[in-house]
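I have placed the structure first, in the form of structure tokens, so that the comments after it can refer back to it.
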Amino acid sequence: MASRNNSGSEPTSVLGNVVAFIAVAVVTGVVAAGLLVPPAAAAGLAANASIGWFKSLPADMETGPLSRASTVVAKDGSEVAKFFAQNRDPVPLDEISPNMQKALLSIEDRDFYDHGAVDPWGIVRAIGNNLLRPSNRQGASTITQQYVNNLIIDQQVRNGEQASTIGADKGVVDKIKEMKLALSMEQEKSKDEILEGYLNIVLFGGSNYGVEAASQYFWGIHASQLSVAQAATLAGMVQSPNTYNPQVNPELSTQRRNLVLDTMVQTGSITRAEADKAANEPMNLDIHTTSSGCSAAKTAPYFCDYVENEVMQSDTYGTTPEERLATLQRGGLTITTTLDPTAQKAADTQVNQTQPKDNNPDSVSTSLISLEPGSGHIASMAQNTNYSAAEGDSNTTYNFNVDTSVGGAGGFQVGSTFKPFTLAQWINSGKGVKASIDARRVSYPADYKWKASCLPNGYKIEPGTNGNGLTFQNATEGYQKIMDVDYGIYNSINSALYAMAADLDLCEIGDLTKALGIHDGKTGDPVDTTVLSSLLGGSADISPMTMARAFSAFANDGVMCEPRAVTKVVDAQGKSYDVGNDSCKQVIKKEVAQGVNYVLEQVLVRGSGYQRSIGLPGASAAKTGTTDNSTQTWMVGYTEGLSTASWVGNYQYGSRSLNGLNIGGRSGGSGTEWVDGATYAGGQWQNYMKEIAPRYSTDAFSSPPASVLSTSK
């Protein structure tokens with residue numbers, strides 16, 4: 152940098168200064184003609200035998216793209232979050248205030264437009280000063296040389312390398328390299344292009360790189376709007392961004408600003424009157440903090456986290472985690488996502504209406520996620536916590552909606568929302584939903600042989616506790632009776648579920664759940680349906696996203712699409728990254744999905760969620776779920792256009808009952824309130840779907856064939 156004070160550098164000797172003088176004098180003597188004539192003439196110097204050694208140095212410099220922030224945007228283009236190591240927003244020179252251009256040139260390189268890439272008289276002046284005043288050393292770098300230095304450092308950091316001395320504390324050889332690279336640059340770029348590039352790359356304190364980012368940070372204005380005083384303040388920071396930062400050292404910054412104003416008078420950029428007026432102006436800082444990452448997301452921080460994990464786990468953005476992080480923070484990506492801002496706002500409202508994150512005395516957890524069945528696109532993802540690693544019950548970076556492998560909590564026991572999978576296998580095996588089953592039994596003896604073709608003996612024995620076999624109970628009395636299959640499912644009768652399972656192959660139920668992608672969100676393992684408690688959602692932790700995806704196959708005639716958050720990624724140069732296409736597959740038969748829809752429609756009409764209707768008879772379906780002791784509660788439901796999983800439960804206190812807790816300002820008081828899937832999880836599902844489902848397809852489900860509605864068993 153011009154006029155840099157290096158009093159903190161290592162001591163120099165008179166002999167060292169003499170050697171430096173001779174070395175630089177030789178170089179300047181050799182290339183003097185190129186420095187004093189138009190830059191294009193310097194190209195002929197390479198043929199001069201007296202600088203043959205010079206040829207071994209880099210002849211050209213690939214400027215490459217600057218490090219730029221990446222932006223995550225919703226599907227409508229609105230910003231979700233930015234990721235950056237360097238906050239930078241490059242702008243063309245004609246969008247940078249002339250005041251800024253004049254201030255910078257006055258203090259850093261007043262003859263920039265008159266000399267070549269290197270200023271020979273500046274070198275002589277600096278050498279003389281450094282010989283006579285070694286404790287107050289000066290540099291002689293032109294704007295072009297400074298631009299070279301910044302580009303080299305930027306490229307090295309982007310490549311994951313340590314910045315070399317060519318861009319930092321330079322010795323004689325490094326200075327010579329810098330000079331040659333500057334000569335090369337001015338053969339390729341105009342002075343205006345170099346000045347523009349420099350103003351967009353230089354550091355202005357903190358993580359603010361480039362004049363546009365600095366203008367926005369310090370005053371909340373564009374670079375085109377900088378006044379004389381503001382421009383002088385920023386130009387003064389270039390020499391030492393932290394020392395002259397007006398936010399950190401206002402007095403030093405003011406002194407430096409006024410020095411810049413004096414140089415602007417000397418160069419004729421402004422009058423003395425203009426300088427005096429500017430010198431009397433207060434800084435009037437209006438700090439606009441710009442934070443990087445999901446913690447600063449304008450909306451949907453946990454969706455943002457999911458997208459970040461997707462980028463960081465994909466070889467598309469680099470072969471190592473370091474390369475992927477560099478691409479995300481410095482590659483200037485525009486990451487277009489599937490997020491629906493309207494749906495997200497509604498989801499945020501509902502999870503916090505159920506239990507406000509900032510007024511949550513009993514630490515009750517809530518979440519909601521929506522997918523589009525026809526594409527797998529994630530429309531919304533919300534939970535009632537602050538996205539933060541700071542201590543506090545309402546703070547977490549764990550995403551309640553997804554698996555551990557992608558930054559999630561890993562799921563929760565799903566209770567009776569698992570029952571539709573047994574129903575689906577019932578239909579898949581050729582049985583009708585109007586078949587009659589004996590649901591009077593609430594126990595099966597220890598020697599009862601449950602059919603399980605994948606096990607060595609072809610069956611499963613469930614000894615139960617103390618050898619008493621399988622025993623269970625229904626949530627409500629009066630349902631131990633003979634009933635139709637559909638009645639047993641939409642009323643969520645446990646004895647009906649096990650009566651169905653007794654007529655099925657447990658392993659085939661498992662095959663169907665695997666086809667629907669059901670797995671433990673913490674381990675990634677498929678759910679073992681030969682463990683009888685799994686049929687009531689009690690043996691594995693399953694994430695809301697996994698449940699929403701599985702139910703989406705019912706809504707989509709048996710076709711299930713993989714969840715998708717990112718639809719397009721383009722970098723600052725227009726390069727597109729391969730993000731794939733929607734991935735959809737027929738995982739269950741169409742008539743199976745139709746049969747499940749037929750039964751689950753009744754949940755919202757006369758079944759366990761009758762009070763949670765969304766006013767779309769024949770076009771909406773759902774299932775409630777409640778684990779033992781009301782520890783975790785669910786409502787998973789769908790229309791043709793939207794599949795939504797709603798959860799209210801315990802993240803921190805996994806075995807604690809929700810009964811009697813303070814939820815949404817309401818409490819059982821004496822602890823007598825019984826919470827189930829239809830209570831709070833059902834309420835937030837209902838309110839959300841009433842508002843958002845009509846934005847997507849609400850066509851009626853197609854009717855199942857007669858065989859599905861038969862009494863066949």
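Numbering-wise (my numbering), the sequence shown opens with residue 152 and increments by one.
Heads up, the beta-carbon is just placed ideally off N, CA and C, and yes, glycines get one too.
Keep in mind that this is a model prediction, so the values were computed, not measured.
Please report the Cβ distance between residue 551 and residue 518, rounded to the nearest whole angstrom; I am assuming they are in contact, meaning their Cβ atoms lie under 8 Å. As a position in the sequence shown, residue 551 is number 400, starting the count at 1. As a position in the sequence shown, residue 518 is number 367, starting the count at 1. Indeed, because the Cβ distance is near 4 Å, the residues count as touching under 8 Å.
With which residues is residue 757 paired in a DSSP beta bridge? To locate residue 757, count along the sequence shown from 1; it is residue 606. Residue 757 pairs with nothing; no bridge assigned.
Quick one: using the 10 Å Cβ neighbour count with 16 as the cut-off for buried, is residue 408 buried or exposed? Translated into the one-based positions of the sequence shown, residue 408 becomes position 257. With 16 or more other Cβ atoms inside 10 Å of its own Cβ, residue 408 counts as buried.
Pick helix, strand or coil for residue 445, following the three-state DSSP scheme. Position 294 of the sequence shown, counting from 1, holds the residue named residue 445. It is helical.
What did DSSP end up calling residue 813 once you bin it into helix, strand or coil? Here residue 813 is taken as the residue at index 662 of the sequence shown, counted from 1. Three-state result, residue 813: coil.
Return helix, strand or coil for residue 851, following the three-state DSSP convention. Walking along the sequence shown from the start, residue 851 turns up at place 700. Of the three classes helix, strand and coil, the one that applies to residue 851 here is coil, per DSSP.
Comparing alpha-carbon positions, which option in 708, 649, 243 lies nearest residue 348? Taking the sequence shown and counting its residues from 1, the one referred to as residue 348 is at position 197. The option with the nearest alpha carbon to residue 348 is 243.
Within 10 Å of its beta-carbon, does residue 752 have 16 or more other beta-carbons around it, so buried, or fewer, so exposed? Along the sequence shown, one-based indexing puts residue 752 at 601. Buried, because 16 or more other Cβ atoms sit within 10 Å of the Cβ of residue 752.
By how many angstroms is the C-alpha of residue 547 removed from the C-alpha of residue 455? Counting from 1 along the sequence shown, the entry for residue 455 is found at position 304. Counting from 1 along the sequence shown, the entry for residue 547 is found at position 396. Each residue's Cα considered, the two are about 14 Å apart.
Residue closest to residue 376, alpha-carbon to alpha-carbon, out of 363, 386, 655, 387: Locating residue 376 in the sequence shown gives position 225, where the first residue counts as 1. The shortest Cα separation from residue 376 among 363, 386, 655, 387 belongs to 363.
Does the region 777 to 796 come close enough to the region 704 to 723 that 3 or more CB-CB pairs lie under 8 Å? yes
So if DSSP puts residue 677 in a beta bridge, which residue, or which two residues, is it bridged to? Residue mapping note: residue 677 aligns to position 526 of the sequence shown, counting from 1. Answer is 670.
What do you reckon, are the CB atoms on residue 775 and residue 643 nearer than 8 Å? Position 624 of the sequence shown, counted from the start, is the residue given in the question as residue 775. Position 492 of the sequence shown, counted from the start, is the residue given in the question as residue 643. Closer than 8 Å, so yes.
Per DSSP, what kind of secondary structure is residue 720 in: helix, strand or coil? In the sequence shown, counting from the first residue as 1, residue 720 sits at position 569. Residue state, collapsed to three classes: strand.
Look up residue 798 in the DSSP assignment and give the residues it is bridged to. Position 647 of the sequence shown holds residue 798. 518, 785.
Is residue 264 buried or exposed, if buried means 16 or more other CB atoms sit within 10 Å of its CB? Taking the first residue of the sequence shown as 1, we reach residue 264 at position 113. That one is exposed.
Would a C-beta distance cut-off of 8 Å place residue 615 and residue 606 closer than the cut-off? In the sequence shown, the residue the question calls residue 615 occupies position 464. In the sequence shown, the residue the question calls residue 606 occupies position 455. No, they are not a contact pair.
Would you kindly check if the distance between the Cβ of residue 727 and the Cβ of residue 720 is under 8 Å? What you label residue 720 is simply residue 569 of the sequence shown in a count that begins at 1. What you label residue 727 is simply residue 576 of the sequence shown in a count that begins at 1. Yes, the pair counts as a contact, with Cβ atoms nearer than the cut-off.
What first and last residue would you give for the alpha helix (DSSP H) that runs through residue 825? Start at 1 with the first residue of the sequence shown, and residue 825 comes out as number 674. No alpha helix (DSSP H) holds residue 825; DSSP gives it neither H nor E.
Look at the Cβ atom of residue 538, then the Cβ atom of residue 446, and state whether they are nearer than 8 Å. In the sequence shown, residue 538 corresponds to position 387, counting from 1. In the sequence shown, residue 446 corresponds to position 295, counting from 1. Cβ distance < 8 Å, so residue 538 and residue 446 count as in contact.
Counting only runs that start and end within the region 685 to 712, where is the alpha helix (DSSP H) found for 4 or more residues in a row? 695 to 706
For the alpha helix (DSSP H) holding residue 366, just list the boundary residues, first then last. As a first step, residue 366 is located in the sequence shown; it is residue number 215 there, counting from the start. First-last of the alpha helix (DSSP H) with residue 366: 362 to 370.
Report yes if the CB atom of residue 600 is closer than 8 Å to the CB atom of residue 612, and no otherwise. Working through the sequence shown from its first residue, we reach residue 600 at position 449. Working through the sequence shown from its first residue, we reach residue 612 at position 461. Yes; because the gap between Cβ atoms is below 8 Å, this pair is in contact.
Skipping 5 residues on each side, what residues in its chain have a beta carbon closer than 6 Å to that of residue 749? Position 598 of the sequence shown, counted from the first residue, corresponds to residue 749. These residues qualify, in order along the chain: 855.
Report the three-state DSSP secondary structure of residue 463 (helix, strand or coil). Locating residue 463 in the sequence shown gives position 312, counting from the first residue. DSSP places residue 463 in helix when its eight states are reduced to three.
Report yes or no: do the region 238 to 252 and the region 494 to 513 share at least 3 C-beta pairs separated by less than 8 Å? no
Quick test of your reading: residue 583 and residue 756, contact by CB under 8 Å. State the CB separation rounded to the nearest angstrom. In the sequence shown, residue 583 corresponds to position 432, counting from 1. In the sequence shown, residue 756 corresponds to position 605, counting from 1. Going by Cβ atoms, the distance from residue 583 to residue 756 rounds to 20 Å, so no, they are not a contact pair.
Within its chain, find whatever has a CB closer than 7 Å to the CB of residue 564; leave out the 5 residues flanking it on each side and keep chain order. As a first step, residue 564 must be located in the sequence shown, where it is residue number 413. 688, 689, 692, 778, 783, listed in sequence order.
Start-to-end residues for the alpha helix (DSSP H) that takes in residue 388: Walking along the sequence shown from the start, residue 388 turns up at place 237. Its alpha helix (DSSP H) spans residues 379 to 388.
For residue 635, which beta-bridge partners are listed by DSSP? By one-based count along the sequence shown, residue 635 stands at place 484. According to DSSP, residue 635 bridges with 587.
Given a cut-off of 8 Å, decide if residue 254 and residue 411 are closer than it, judged by their beta-carbon atoms. Translated into positions along the sequence shown, residue 411 becomes position 260. Translated into positions along the sequence shown, residue 254 becomes position 103. In this structure, residue 254 lies closer than 8 Å to residue 411 by Cβ.
Please identify the residue among 746, 522, 662 whose C-alpha is closest to the C-alpha of residue 578. For the purposes of this step, residue 578 is taken as residue 427 along the sequence shown, with counting starting at 1. That would be 746, whose Cα lies nearest to the Cα of residue 578.
By DSSP, does residue 318 sit in helix, in strand, or in coil? Counting from 1 along the sequence shown, the entry for residue 318 is found at position 167. The predicted model places residue 318 with a pLDDT of 48, which falls under 50 and marks its position as unreliable; any figure quoted below should be read in that light. In the structure shown, residue 318 sits in a helix (DSSP, three-state: H, G or I).
Distance between residue 796 and residue 380 (C-alpha atoms, nearest Å): Counting from 1 along the sequence shown, the entry for residue 380 is found at position 229. Counting from 1 along the sequence shown, the entry for residue 796 is found at position 645. Going from the Cα of residue 380 to the Cα of residue 796 covers about 56 Å.
Helix, strand or coil, according to DSSP, for residue 566 in the structure here? Within the sequence shown, the letter at position 415 stands for residue 566. Residue 566 falls in the helix class under three-state DSSP.
Below 8 Å on the Cβ atoms is my guess for residue 430 versus residue 415; work out the distance and round it to an integer in Å. As a working mapping, residue 430 is identified with position 279 in the sequence shown. As a working mapping, residue 415 is identified with position 264 in the sequence shown. Between residue 415 and residue 430 the Cβ distance is about 11 Å, and since that is not below 8 Å, they are no contact.
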